[in-house]
Amino acid sequence: MMLHIENLHARIGDNEILRGVNLEVAAGEVHAIMGPNGSGKSTLANVLAGHEAYDIEGLVLFEGEDLLALSPEDRAASGVFLAFQHPVEIPGVGNLYFLRTALNSLRRRRGLDELDVMQFLALAEDRMKSVEMDRSFMNRSVNEGFSGGEKKRNEILQMSILEPKLAILDETDSGLDIDALRIVAGGVNELRSPDRAMVVITHHQRLLDYIIPDQVHVMAGGRIVRSGDKDLALELEEYGYSELGQAGMVDSSASVGATP
Amino acid sequence: MTAVTFTNPAPATSTSGAAQLRAVLGLSPSDSGPTWLAQARRESFEWAATHGLPTRKDEDWKYTRLDALLDVPFERAEAGGSHRVASAALAALTLNPSSTRVVFVNGHFVSDLSSLSDLEGGVTVTSLAAALAEEATGLESVFSRAFDQYDHAFTALNTALAVDGAYIRIAADTVVDAPIELVFLSDVQDTPLLSSPRSVILAGPRSRVSVVETHAGIASGLTWTNAVVHVVLDEGARVDHFKIQDEPDTGFHLALLDVRQGPDSRFSSSSMMLGSKIARNEVHVRLEGEGSRVSVDGLYWPRGDQHHDNVVLIEHVAPRCVSHQLYKGIADGHGHGVFNGRIIVWPGADGADANQTNKNLLLSEYAEIDTRPRLEIFTDDVKCTHGAAVGALDEEALFYLRSRGVTREAARALLTHAFALEVLHRVESESLRTHVETLLADRLSVDGFAIEGSSGDR
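Sequence lines, in order, name chains A and B.
Here my numbering is used: the first residue of the first sequence is 1, the next is one more, and so on.
Here my numbering is used: the first residue of the second sequence is 261, the next is one more, and so on.
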């Protein structure tokens, strides 16, 4: 199993946000996590990437290793990538320089040769085409002055350059118009492969028209309350999240993700 | 708007300071040069001895303790001593091997390290000693002007002791393309030495020049640099001054940049304060001509137990003048940074447009920043803004970088470098920018990771 999450709790102060998440994701799979605002989806993403704001209990194994014991940079080196819901602007750090620094940092940790500027540019230009990104973006500071859609495309570009094993996309679709959504989904689909897994967090079913998930999970109140195949997303679209809190909707016999 | 604050900068007297000046420093005024200068030196020395050195009771010296300096038995650096400066070491400090370069060791001009050939017509670049010997234009007025305007004894002490420095005069309508480089090196072995360079930059009407002033050193003993630079801009002149202070971090560096601007002139000053144990850089600009504009930027970066004090005074005297200030501080280790920025808009300086920004980054729980923005406004028709901030590195930005595989140390270095680079936003010379970016990046190299000179968006 690539990712194994068992009884994961996360709190900030007295506020418990994750209340026992269980999830298993195998290599080659795409899992969608849906759920209403405040259900803990983004917290789950941040906790997996190593955000230090939370007090955490539980077990997370990534390819059998204790992920929670690793620093954010070590998680990245192991192959975990988070596409942020709100990518931060970093004035004064050039996008190109940042990406090359990140890639070479990962390559060094993985025992690979670093890429020089020309090698990196060739790679970046190739990947930028797939997210229809103008090369002028490379000469700007990281995310500075980018529109919402540009920031999201920059996240997908980073993902395609850094080539993670596990990509977590946190509401990458939110705020995108239909063209941008198609571009972002295209970038994601290009990266689908038998040795790569993806966890796609979304608020809307429409992303799943473009990225077809193997499994869909519903989060509510800090837990995964329901899991199913892609049809679950359609069901949610029809009935909404409001029904989910009710006991009858929680399928406790599901093989993955169910919380007793 | 109304006057916000007014503090009377009357010099405080301190008998112990006067005693120190005479007894500890054991110095007396220089006696070379023209008669008017000898007279001025005696008067300055008397003034300094009477008023004494500033203490922390003086408003403008509140945060800067001079005990460490006063404990050292400094001797005056004499001309003509041998030096250990290798040309390779000098090359690392200069922007361009072919530029006009005036090099000083312990405050004295060194001909064989300098490069003064191929000067364009209308351009005079020489040593102050040579200019004084020739009684070159404009010297008496700048020297005597400073005598009227002492804020403290260090300026007076410089007047009393200075025998050398740079002299630059640009004739009317003359444009000098490449920056003129002034390099002040200290080379001290056992005896602690005081250097008192004094430089003069005179820009004629509609002339244009840029000057890069670098202070560095190879010192096994203690150094004290007490430097004064005068800049006078005639109507329509444009002068860009860039200063890099990277002296050994055991020494002391006190400096005054004194600027007077004529009508429609433009001046910019950027100061990179990196070195010395105790450094204090004052920039005093008087906007005397209508429509003159100035920008005064600075970076100070105390770490270890360094102390970096910045004093900026901008006086709007004539109508419709514009002043901008951007000072950024980075304090690490037990470093202590001070920004003391003052804007005075005098009566009659209508249409003044003045702004001042001071941003600080605290990288260590032991570091300290003190910031004192002050506006003193005596006319109604003004537009003035100021702001000061002290903060830590953005945790979300750090997380973002680390989540991409950049180590914590490297991410901190990247963000710190980006913070520092903002003060270069007005630098037009590509070679100067690259030189300084590299200098700042070197200061941030961490284990297994080095920032490249151009990590910014260029």
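All residues carry an ideal CB built from backbone N, CA and C; glycine is no exception.
Since the model is a prediction, treat every value here as computed from it, not as a measurement.
Span of the beta strand (DSSP E), counted from its first residue to its last, around residue i
| i | result |
| --- | --- |
| Asn570 (chain B) | His567 to His576 |
| Trp484 (chain B) | Thr483 to Leu493 |
| Gln158 (chain A) | Taken as a continuous stretch (DSSP letters only), Gln158 (chain A) belongs to no beta strand (DSSP E), being part of the alpha helix (DSSP H) at Gly148 to Leu162. |
| Pro91 (chain A) | Ile90 to Gly94 |
| Phe137 (chain A) | Counting along the chain, Phe137 (chain A) falls outside any beta strand (DSSP E), and DSSP gives it neither H nor E. |
| Met34 (chain A) | Val30 to Met34 |
| Met1 (chain A) | Careful: Met1 (chain A) lies outside any beta strand (DSSP E) and carries neither H nor E. |
Top-ranked residue by Cα proximity to residue i, from the options
| i | options | result |
| --- | --- | --- |
| Leu191 (chain A) | A:Leu67, A:Arg11, A:Arg75 and A:Phe81 | A:Phe81 |
| Tyr97 (chain A) | A:Leu121, A:Asp14 and A:Ile178 | A:Leu121 |
| Leu482 (chain B) | B:Pro508, B:Val488 and B:Ala476 | B:Pro508 |
| Asp569 (chain B) | B:Val598, B:Ser530 and B:Arg703 | B:Val598 |
| His203 (chain A) | A:Ser39, A:Asp134 and A:Met1 | A:Ser39 |
| Glu63 (chain A) | A:Ala197, A:Leu157, A:Val225 and A:Leu236 | A:Ala197 |
| Ser160 (chain A) | A:Lys230, A:Ala49 and A:Arg100 | A:Arg100 |
| Gly651 (chain B) | B:Thr474, B:Phe444 and B:Ala627 | B:Ala627 |
| Val471 (chain B) | B:Leu674, B:Asn356, B:Thr485 and B:Trp321 | B:Asn356 |
| Val184 (chain A) | A:Leu157, A:Ser193, A:Gly13 and A:Val199 | A:Leu157 |
| Arg458 (chain B) | B:Leu421, B:Pro294, B:Glu306 and B:Asp320 | B:Leu421 |
| Ala328 (chain B) | B:Asp565, B:Val460, B:His685 and B:Tyr660 | B:Asp565 |
| Trp484 (chain B) | B:Arg466, B:Arg498, B:Ser456 and B:Arg468 | B:Ser456 |
| Ala167 (chain A) | A:Gly50, A:Gly79 and A:Asn22 | A:Gly79 |
| Tyr560 (chain B) | B:Lys503, B:Val469, B:Val605 and B:Pro579 | B:Lys503 |
| Arg540 (chain B) | B:Arg668, B:Asp518 and B:Phe512 | B:Phe512 |
| Ala681 (chain B) | B:Arg668, B:His475 and B:Arg703 | Sequence check: residue 681 (chain B) is Leu here, not Ala. Looking at the Cα atoms, B:Arg703 is the closest of the given residues. |
| Glu20 (chain A) | A:Gly111, A:Pro72 and A:Leu8 | This sequence places Gly at residue 20 (chain A); Glu is not what is there. Ranking the options by Cα distance to Gly20 (chain A), first place goes to A:Leu8. |
| Leu391 (chain B) | B:Ser404, B:Phe369, B:Leu379 and B:Glu380 | The question names Leu, but residue 391 (chain B) is Ala in the sequence shown. Of B:Ser404, B:Phe369, B:Leu379 and B:Glu380, the residue nearest in Cα terms is B:Phe369. |
| Cys581 (chain B) | B:Asn600, B:Asp524, B:Ser691 and B:Ala339 | B:Asp524 |
| His228 (chain A) | A:Ala220, A:Pro213, A:Gly222 and A:Glu238 | Residue identity differs from the one stated: residue 228 (chain A) is Gly in this sequence, not His. Of the candidates A:Ala220, A:Pro213, A:Gly222 and A:Glu238, the one whose C-alpha sits nearest the C-alpha of Gly228 (chain A) is A:Pro213. |
| Leu516 (chain B) | B:Gly522, B:Asp506 and B:Ser531 | B:Ser531 |
| Arg108 (chain A) | A:Asp74, A:Ala124, A:Ser136 and A:Val88 | A:Asp74 |
| Leu48 (chain A) | A:Glu89, A:His4, A:Asn15 and A:Gly13 | A:His4 |
| Glu132 (chain A) | A:Ile90, A:Gly13, A:Lys230 and A:Leu181 | A:Leu181 |
Sub-8 Å separation of residue i and residue j beta-carbons
| i | j | result |
| --- | --- | --- |
| Arg602 (chain B) | Arg634 (chain B) | yes |
| Leu169 (chain A) | Val188 (chain A) | yes |
| Ser283 (chain A) | Val706 (chain B) | As shown, chain A starts at 1 and ends at 260. That puts residue 283 (chain A) outside it, with no answer to give. |
| Thr645 (chain B) | Asn615 (chain B) | yes |
| Ile279 (chain A) | His217 (chain A) | Residue 279 (chain A) lies beyond the stretch modelled for chain A, which goes from 1 to 260, so this question has no answer here. |
| Val345 (chain B) | Val362 (chain B) | no |
| Ala670 (chain B) | Val93 (chain A) | no |
| Gly464 (chain B) | Ala432 (chain B) | yes |
| Leu623 (chain B) | Ile574 (chain B) | no |
| Ala348 (chain B) | Ala413 (chain B) | no |
| Leu68 (chain A) | Ile56 (chain A) | yes |
| Ile440 (chain B) | Thr384 (chain B) | no |
| Ala27 (chain A) | Pro164 (chain A) | no |
| Arg632 (chain B) | Leu653 (chain B) | no |
| Lys643 (chain B) | Asp610 (chain B) | no |
| Arg520 (chain B) | Arg546 (chain B) | yes |
| Ile637 (chain B) | Leu674 (chain B) | no |
| Val443 (chain B) | Leu534 (chain B) | no |
| Val489 (chain B) | Asp518 (chain B) | yes |
| Lys41 (chain A) | Gly35 (chain A) | yes |
Counted within 10 angstroms of its Cβ, other Cβ atoms place residue i as buried (16 or more) or exposed
| i | result |
| --- | --- |
| Asp557 (chain B) | buried |
| Asp113 (chain A) | exposed |
| Asn154 (chain A) | buried |
| Ser529 (chain B) | buried |
| Leu207 (chain A) | buried |
| Gly477 (chain B) | buried |
| Pro72 (chain A) | buried |
| Glu625 (chain B) | exposed |
| Ala352 (chain B) | exposed |
Endpoints, the alpha helix (DSSP H) within which residue i is located
| i | result |
| --- | --- |
| Ala391 (chain B) | Leu388 to Ala393 |
| Leu453 (chain B) | Not the alpha helix (DSSP H): Leu453 (chain B) falls in the beta strand (DSSP E), residues Leu453 to Ser455. |
| Asn418 (chain B) | Ala413 to Leu421 |
Residue i: contacting residues in chain E (beta-carbon distance under 8 Å)
| i | result |
| --- | --- |
| Arg662 (chain B) | Checking the listed chains, one finds no chain E in this structure; the protein chains it contains are A and B. |
Check: residue i C-beta below 7 Å from any heavy atom of the ligand ZN
| i | result |
| --- | --- |
| Phe512 (chain B) | Within the structure as shown, the ligand ZN is missing, as the structure has no ligands at all. |
>> Please identify, using Cβ separations under 8 Å, the residues of the segment 413-436 of chain B that lie next to chain A, in order along the chain.
In response: none
> Residues in the segment 47-72 of chain A with C-beta within 9 Å of chain B's C-beta atoms, listed in sequence order?
Replying inline: Ala49, Gly50, His51, Glu52, Ala53, Ser71 and Pro72
> At a Cβ cut of 7 Å, what residues of the segment 147-160 of chain A count as close to chain B, listed as they run along the chain?
Replying inline: Gln158
>> Which residues of the segment 659-691 of chain B have a Cβ closer than 9 Å to any Cβ of chain A? Give them in chain order.
In response: Contact residues of the segment 659-691 of chain B toward chain A are Phe659, Tyr660, Leu661, Arg662, Ser663, Arg664, Gly665, Val666, Thr667, Arg668, Ala670, Ala671, Leu674, Leu675, His677, Ala678, Phe679, Ala680, Leu681 and Glu682 (C-beta to C-beta distance below 9 Å).
> What residues from the segment 630-657 of chain B come within 9 Å of chain A, judged by C-beta to C-beta, listed N to C?
Replying inline: Asp654, Glu655, Glu656 and Ala657
>> Under 8 Å, CB to CB, which of the residues in the segment 210-236 of chain A have a partner in chain B?
In response: none
> Of the residues that make up the segment 93-105 of chain A, which ones have a beta carbon closer than 7 Å to any beta carbon in chain B?
Replying inline: Val93, Gly94, Tyr97, Thr101, Ala102 and Ser105
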